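K.L.:
Quick note, in our numbering, the sequence shown goes up one by one and the last residue is 449. Every residue, glycine too, gets a C-beta built ideally from N, C-alpha and C. Note that the structure is predicted; figures quoted are calculated from it, not measured.
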Amino acid sequence: MPLYLLMILPFTLRYLKKKSLKALNLLRVVGHTDWGADRATLLKLYRTLVRSKLDYGSVIYGSAKKHVLRALDPIHHQGLRIVLGAFRTTPIKSLYAEAGEPSLEHRRIKLASNYVLKLKSLPRNPCHEIVFEAPLSDFSAVTKSEPNLVANTFEHFKNANISLNIIDNLHVQCPPPWEEHNITVDISLTKQNKENTSEVAYQKEFFRIKEKFSNHYSVFTDGSKLEDKVAAAAYFPEHPDRSKATRLRDGASVFSAELEGIALALTEIKKLTKYHKHFVIYSDSLSALQAIQSKNFKVIDIRRLYNLIRKFPPYVHISFVWIPAHVGIQGNENVDKLAKAALNGTSTSGKLICYSDLKPKNKHLD
Numbered sequence: 084m085p086l087y088l089l090m091i092l093p094f095t096l097r098y099l100k101k102k103s104l105k106a107l108n109l110l111r112v113v114g115h116t117d118w119g120a121d122r123a124t125l126l127k128l129y130r131t132l133v134r135s136k137l138d139y140g141s142v143i144y145g146s147a148k149k150h151v152l153r154a155l156d157p158i159h160h161q162g163l164r165i166v167l168g169a170f171r172t173t174p175i176k177s178l179y180a181e182a183g184e185p186s187l188e189h190r191r192i193k194l195a196s197n198y199v200l201k202l203k204s205l206p207r208n209p210c211h212e213i214v215f216e217a218p219l220s221d222f223s224a225v226t227k228s229e230p231n232l233v234a235n236t237f238e239h240f241k242n243a244n245i246s247l248n249i250i251d252n253l254h255v256q257c258p259p260p261w262e263e264h265n266i267t268v269d270i271s272l273t274k275q276n277k278e279n280t281s282e283v284a285y286q287k288e289f290f291r292i293k294e295k296f297s298n299h300y301s302v303f304t305d306g307s308k309l310e311d312k313v314a315a316a317a318y319f320p321e322h323p324d325r326s327k328a329t330r331l332r333d334g335a336s337v338f339s340a341e342l343e344g345i346a347l348a349l350t351e352i353k354k355l356t357k358y359h360k361h362f363v364i365y366s367d368s369l370s371a372l373q374a375i376q377s378k379n380f381k382v383i384d385i386r387r388l389y390n391l392i393r394k395f396p397p398y399v400h401i402s403f404v405w406i407p408a409h410v411g412i413q414g415n416e417n418v419d420k421l422a423k424a425a426l427n428g429t430s431t432s433g434k435l436i437c438y439s440d441l442k443p444k445n446k447h448l449d
C-alpha cells in the first residue's frame, strides 16, 4: 500500500467513527425502551444509518492496520446492543448471533470479495489491470504487515473453491432501440393463486392460452439445479428431435439456467424462421420472463437473448408465456425430465457464468 495512504487512513477512520457515533444517537432516540421501535425496525435503521457508513470505502480503508480498524468495532457492537436492548456485559458473539450480523472484519471481506467478482467481469475497468494483472506482492504494504484486503480475497476464493476464470464478461452490447424485435410476454396465469388452484384448473387455463396461440410454433424451456449441478433444456413437441439440453458450469444459478434454456430455444427457432412466422415459448420461470419483459439489460443473458432475437427476420414474432411447473402440463413435464437428465451429463456447455451467480458462496461470511 502506498505510504501516503498509511498516513491518511487513520485520520479518515477517526472521522468515520465520529460520524457513525452521531448516527447512533438517532438510533438511541428511536429505540426508546417504552415507546420505541421493535427489533426488526431498529435493525433496518442500524443497517441504513450506521452500517452503510462503515461499509462505504471499506475496500480501501480495510487495508489499514488491524489496531486502527479495531477502533470501529465498538461502534458496531454498540449499535447491536441498542437494537437488541442487550446489556453491556453481553458477549460479542452472542450479539452477532442474535442480530444475524457478521463482525466488521467478515463484512469487509465479503464486500471486497463481491467487488473483486464484479471487477473480474469488467475488463475495461481501469482497476481490472491493477487487481488481476499486477503481482500479488504489489498489494503488500511498504511495511512488513499483512497483504491488503483485496489481496486477502484471493486467499478467500481459494479456500471457498471459487474460480475467477469462469466469470463472464459484462461488456456485451445492448441492442439499439431501433433494432428491437416484435415480442410479447404473457404472464396472465400468475393471477391464479397456486395454493387455491387445482392442477385440472391450471390445465384448462393452459389449453385456453394454447388455443390463443394455435397458429404459433410451440417450445417449452426449463432450467434445473441439484446441489451445484445446473442444466437447461428446450423441448419442441412438434419435432422432439430438435430438443436440446445442456449442462452449465457448476455454481450457475437457476435463473441463469432458465435463461439458457430460452437461449437454446431461440437458437433452434432461428433455423425454423424459413417455415414459420409465429413462435411461442412456454417457461415456468416468472423471474426470467419478467426480466425479458422489462428489458433488464443489467443482466448479461438478457442482452444476449435480445441480440439473438434482433437477428431474426422482421416478419417473425416471438411470444413468451408463463406456465406453472408440476401441474401436469405435458410439455413442461417433458422439458423438466430433459433438464434433469442433463444434470448427470459429464460435459458442460463451456459457457461462462455471471459474477452474481458466485455471490451466494460468500454468504457464509454473513
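Buried or exposed: which applies to V225, given that a residue is buried once 16 or more other Cβ atoms fall within 10 Å of its Cβ?
P.N.:
Its pLDDT being 43, under 50, V225 is placed unreliably in this model, and the value from its coordinates should be taken loosely. V225 should be labelled exposed.
K.L.:
Decide yes or no for the touch test of the region 322 to 334 against the region 362 to 381: beta carbon pairs closer than 8 Å, at least 3 of them.
P.N.:
Contact fails: fewer than three Cβ-Cβ distances are below 8 Å.
K.L.:
Using a 10 Å radius around the Cβ and a threshold of 16 neighbouring Cβ atoms, would you call K327 buried or exposed?
P.N.:
Buried, since its Cβ has 16 or more Cβ neighbours within 10 Å.
K.L.:
Just to confirm my understanding: we take R97, look at its own chain, exclude 5 residues before and 5 after, and list those with CB closer than 7 Å. What are they?
P.N.:
Around R97: no qualifying Cβ.
K.L.:
So for R190, helix, strand or coil by DSSP?
P.N.:
Of the three classes helix, strand and coil, the one that applies to R190 here is helix, per DSSP.
K.L.:
Taking I292 as the reference, give the member of S103, T273 and T172 with the closest Cα.
P.N.:
Checking every option, the nearest Cα to that of I292 belongs to T273.
K.L.:
Could you pull out every residue in the same chain whose Cβ sits closer than 6 Å to the Cβ of L247, ignoring the five residues on either side in sequence?
P.N.:
Hits under 6 Å: K203.
K.L.:
Does DSSP classify L309 as helix, strand or coil?
P.N.:
Here L309 sits in strand by DSSP.
K.L.:
Answer yes if the region 290 to 309 comes into contact with the region 428 to 435, meaning at least three C-beta pairs across the two stretches below 8 Å, and no otherwise.
P.N.:
Taking 8 Å as the limit for Cβ pairs, the verdict is that the region 290 to 309 does not touch the region 428 to 435.
K.L.:
Using DSSP bridges, identify the partner residues of W405.
P.N.:
In DSSP, W405 forms a bridge with S366.
K.L.:
Report yes if the C-beta distance between G306 and E343 is below 8 Å; otherwise report no.
P.N.:
Result yes, Cβ atoms of G306 and E343 sit closer than 8 Å.
K.L.:
Taking the alpha carbon of F362 as the point to measure from, which residue in P323, Q256 and I266 has its own alpha carbon closest?
P.N.:
Cα-wise, what sits closest to F362 is I266.
K.L.:
Are the region 276 to 290 and the region 314 to 327 touching by the rule of at least three beta carbon pairs closer than 8 Å?
P.N.:
Counting Cβ pairs under 8 Å, fewer than three are found: no touch.
K.L.:
State the start and end residues of the unbroken beta strand (DSSP E) segment that holds R330.
P.N.:
Looking at the DSSP string, the run of the beta strand (DSSP E) that includes R330 is K327 to L331.
K.L.:
Check whether the Cβ atoms of F395 and R386 lie closer than 8 Å to each other.
P.N.:
Going by C-beta atoms, F395 is not nearer than 8 Å to R386.
K.L.:
In terms of residues, what are the limits of the beta strand (DSSP E) holding D269?
P.N.:
Start and end: I266 to D269.
K.L.:
I need the DSSP call for T173, collapsed to helix, strand or coil.
P.N.:
Coil at T173, not helix or strand.
K.L.:
Identify which residue in K100, A182 and V313 has its Cα closest to the Cα of K136.
P.N.:
The candidate whose alpha carbon is nearest that of K136 is K100.
K.L.:
Could you give the distance in angstroms between the alpha-carbon of S186 and the alpha-carbon of L426?
P.N.:
S186 and L426: Cα-Cα distance of roughly 37 Å.
K.L.:
Does the Cβ-Cβ distance between L110 and L125 come in under 8 Å?
P.N.:
Yes, they are a contact pair.
K.L.:
Beta carbon of I158, beta carbon of L107: below 8 Å?
P.N.:
Yes; because the gap between Cβ atoms is below 8 Å, this pair is in contact.
K.L.:
Grab me the residues of L155's own chain with a C-beta within less than 8 Å of its C-beta, minus the 5 sequence neighbours each way, in chain order.
P.N.:
Once the five neighbours on either side are set aside, the close Cβ partners of L155 are L96, L99, K100, S103, L137 and L187.
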